[in-house]
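Enquirer: This structure is in structure tokens; I'll ask about it shortly.
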Amino acid sequence: MRYLNYINGQWKEPSSGEYKENLSPHNGENLGEFPSSAVADIQEAVSAAKRAFSLWKKLSFQQRAVYLQKAADILKANLEEVGRDLTLEEGKTLVEGIGETQRAISILEYYAGEARQPLGEVIPSGNVETFLYTTRTPLGPIGMITPWNFPIAIPVWKLAPALIYGNTVVIKPADLTPKSVYHVMKAFDEAGLPAGVVNCVFGRGSVIGTEIVEHPDIKAISFTGSNQVGCQIQKQATEKGKKVQMEMGGKNPLIVLADADLNKAIEVAVGGAFKSTGQKCTATSRIIVEEGIYEAFRNQLVEHTKTLKVGNPLQHDTFIGPVVSQTQRDSVLAMINTGKTEATLLCGGEIPAEEELANGFYVQPTIFENVPCDARIAREEIFGPVIALFKVKNYEEAIEMANDTEYGLSAAICTNNLTVAHRFIEDIEVGLVHINSETAGSEPQVPFGGCKNSSTGSREQGKTAIEFYTQVKTVYMDRM
8 MRYLNYINGQ WKEPSSGEYK ENLSPHNGEN LGEFPSSAVA DIQEAVSAAK
58 RAFSLWKKLS FQQRAVYLQK AADILKANLE EVGRDLTLEE GKTLVEGIGE
108 TQRAISILEY YAGEARQPLG EVIPSGNVET FLYTTRTPLG PIGMITPWNF
158 PIAIPVWKLA PALIYGNTVV IKPADLTPKS VYHVMKAFDE AGLPAGVVNC
208 VFGRGSVIGT EIVEHPDIKA ISFTGSNQVG CQIQKQATEK GKKVQMEMGG
258 KNPLIVLADA DLNKAIEVAV GGAFKSTGQK CTATSRIIVE EGIYEAFRNQ
308 LVEHTKTLKV GNPLQHDTFI GPVVSQTQRD SVLAMINTGK TEATLLCGGE
358 IPAEEELANG FYVQPTIFEN VPCDARIARE EIFGPVIALF KVKNYEEAIE
408 MANDTEYGLS AAICTNNLTV AHRFIEDIEV GLVHINSETA GSEPQVPFGG
458 CKNSSTGSRE QGKTAIEFYT QVKTVYMDRM
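So the sequence shown is residues 8 to 487, counted in this note's numbering.
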């Protein structure tokens, strides 16, 4: 089947006339053909978003919320199909694919509910005759560039706040996982969203990304992806005076203290590191264990990891599916091979030998120990099912090691000591803190984002999303 761009409320052929196959990472099956768009398609989409903005921003919040809720209801009615399609193109398990789709629905519902929340503040003036308050206004057309690892949740957590606050959108989804965003566009179309409010252009970032970032009618850029691309986009956008929001990499630590429940800590470690095949910016990459339980933790972790089923993501007993592409697998394997020269391999580290997986992009879950702090596998984001294990003497050494990274997205600790847990919250240099739970995972009603080289700009999700998608207007009202 051939799919089309969604521009100005219509499904349109790309001006290039070219298409790219969307291939399953499990077996190479062709899941459909999606546009390989050109700059002209972005220009058409931006023009549509600009025209639609003047009318969209004049609708009440409640009127805009109706479209978000309708889109949520449409996705909910097709939950199994959308979740299955996500699994087929991205490779995460079916449970995760359906779960991510449900998460996107929840995000739409949350921001539909924001239509009845307060907007702005009333501030006492020094002048008794003055009524002093703030309100917020939308920015205009927003450019969005989204990744392949959460192909429906991340686009929706950008789209929903942008729309409820009165902006219009041009979105370029990842070319490896286009069908998930197609389902979102289809839901908005069936919900009757006015033409031009949301526009989706499929294609390669190297071809059309610069036009989104630099087009003079795009007022802000929201990007999630690699640090290399993000830094380039930030430079281009800020030089044009645009507002920028970047969510990028992570090297997320889990600290396991000697007083932790060992079984719970293993569960937290395995889920954080290996769900979604480790392809999360919030995945657990470094596990720092207090020496009193290190050997027991290591042995149980390795034993448990060896029982995890790697296989067809549609099968109910699969825990780890394929990585998203051949290029991604090559990258992960290259880092694993580097790790073999830097550290001690405890398990995994190879392509699975099963014949039924031969046509997919599979990697065994991998654990290293005796990892030097300056090793590449200790410092660089891998984006695959790889753990680097570290042994430390105490909490102080653990927190120092955890903070010794250029990233600051997420971190977790397993402990039964409430005092230490509160201390960890203060000491750890990240934006997302988990106590006795995985480094991965977030809810739509709270902010998402990090510090250091993980994030720039305002936080995503929750009430803080308004900071990026609007600008403050201060009003002084006096009598005549």
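Every residue, glycine too, gets a C-beta built ideally from N, C-alpha and C.
Provide the residue span of the beta strand (DSSP E) that contains Asn206, from first to last.
Expert: It spans Val205 to Cys207 - the beta strand (DSSP E) in which Asn206 sits, taken as one unbroken run.
Enquirer: Between which two residues does the alpha helix (DSSP H) containing Tyr189 stretch?
Expert: Residues Pro185 to Glu197.
Enquirer: With 8 Å as the threshold, decide whether the Cβ of Met255 is near any Cβ in chain B.
Expert: Here there is only one protein chain, and chain B is not present.
Enquirer: In the DSSP output, what is Phe41 paired with across the bridge?
Expert: The partner list for Phe41 (beta bridge, DSSP) reads Lys27.
Enquirer: Per the DSSP calculation, Trp18 is bridged to which residue(s)?
Expert: The partner list for Trp18 (beta bridge, DSSP) reads Tyr13.
Enquirer: Which same chain residues, not among the five before or five after Pro392, have their C-beta less than 7 Å away from its C-beta?
Expert: Result list for Pro392: Ala280, Phe281, Thr284, Gly285, Ile327, Val370, Pro372 and Thr373, in chain order.
Enquirer: Helix, strand or coil for Lys165? Go by DSSP, reduced to three states.
Expert: Note: Lys165 maps to helix in three-state DSSP.
Enquirer: CA-CA distance, Asp268 and Thr291?
Expert: Answer to the nearest angstrom: the Cα atoms are 18 Å apart.
Enquirer: Given that a residue counts as buried once 16 or more other Cβ atoms are within 10 Å of its Cβ, and exposed if not, what is Pro158?
Expert: Pro158 is buried by the Cβ-count criterion.
Enquirer: Using alpha carbons as the reference points, say which of Arg58, Glu445 and Cys354 lies closest to Ala202.
Expert: When only C-alpha atoms are compared, the closest one is Arg58.
Enquirer: Candidates Gly318, Leu353 and Ala350: which alpha carbon is nearest Glu362's?
Expert: Among Gly318, Leu353 and Ala350, the Cα nearest to that of Glu362 is on Gly318.
Enquirer: By the DSSP assignment, the beta strand (DSSP E) with Gln478 in it spans what residues?
Expert: It spans Thr477 to Met484 - the beta strand (DSSP E) in which Gln478 sits, taken as one unbroken run.
Enquirer: Pick out the complete beta strand (DSSP E) segments inside the region 232-270, 3 residues or longer, and give them in chain order.
Expert: Here the runs fully enclosed are 250-254 and 259-263.
Enquirer: Starting from the C-beta of Leu95, find all residues in its chain whose C-beta is less than 7 Å away, skip the five residues before and the five after it, and write them out in chain order.
Expert: So the list reads Ser31 and Leu38, once near-sequence residues are dropped.
Enquirer: How many Å lie between Pro379 and Thr334 at the Cα?
Expert: Their backbone Cα atoms lie some 27 Å apart in a straight line.
Enquirer: Using the rule of at least 16 other Cβ atoms within 10 Å of the residue's Cβ for burial, across every protein chain shown, is Glu337 buried or exposed?
Expert: Checking the displayed sequence, the identity of residue 337 turns out to be Asp instead of Glu. When all chains shown are included, Asp337 counts as exposed.
Enquirer: If you follow the beta strand (DSSP E) that Ile327 is part of, which residue opens it and which one closes it?
Expert: First-last for Ile327: undefined, no H or E at that position.
Enquirer: So, at 6 Å on beta carbons, what are the nonlocal neighbours of Pro168 in its own chain, with the 5 sequence-adjacent residues on each side left out?
Expert: Once the five neighbours on either side are set aside, the close Cβ partners of Pro168 are Tyr118, Ala472 and Tyr476.
Enquirer: Which residue marks the beginning of the alpha helix (DSSP H) containing Gly150, and which one marks its end?
Expert: Careful: Gly150 lies outside any alpha helix (DSSP H), inside the beta strand (DSSP E) at Pro148 to Ile152.
Enquirer: Helix or strand or just coil, what does DSSP make of Gly318?
Expert: Gly318 falls in the coil class under three-state DSSP.
Enquirer: What number of angstroms, rounded off, separates the C-alpha of Glu20 from the C-alpha of Met8?
Expert: Spanning the two alpha carbons is a distance of roughly 13 Å.
Enquirer: Who does Val488 pair with in a DSSP beta bridge?
Expert: Coverage of the chain is limited to positions 8 through 487, which leaves residue 488 absent and any answer about it impossible.
Enquirer: Compare the beta carbon distance of Gln109 and Leu86 with 8 Å and say whether it is the shorter of the two.
Expert: Cβ atoms of Gln109 and Leu86: closer than 8 Å.
Enquirer: Compute the Euclidean distance between the alpha carbons of Ile384 and Lys347, then round it to the nearest angstrom.
Expert: When rounded, the distance between both Cα atoms is 10 Å.
Enquirer: How would you call Ile225, buried or exposed, if buried means at least 16 neighbouring beta carbons within 10 angstroms?
Expert: Buried: at least 16 other Cβ atoms inside 10 Å.
Enquirer: So, does the region 194-211 touch the region 38-49, judging by three or more C-beta pairs under 8 Å?
Expert: Judged by Cβ distances under 8 Å, the region 194-211 makes contact with the region 38-49, as three or more pairs qualify.
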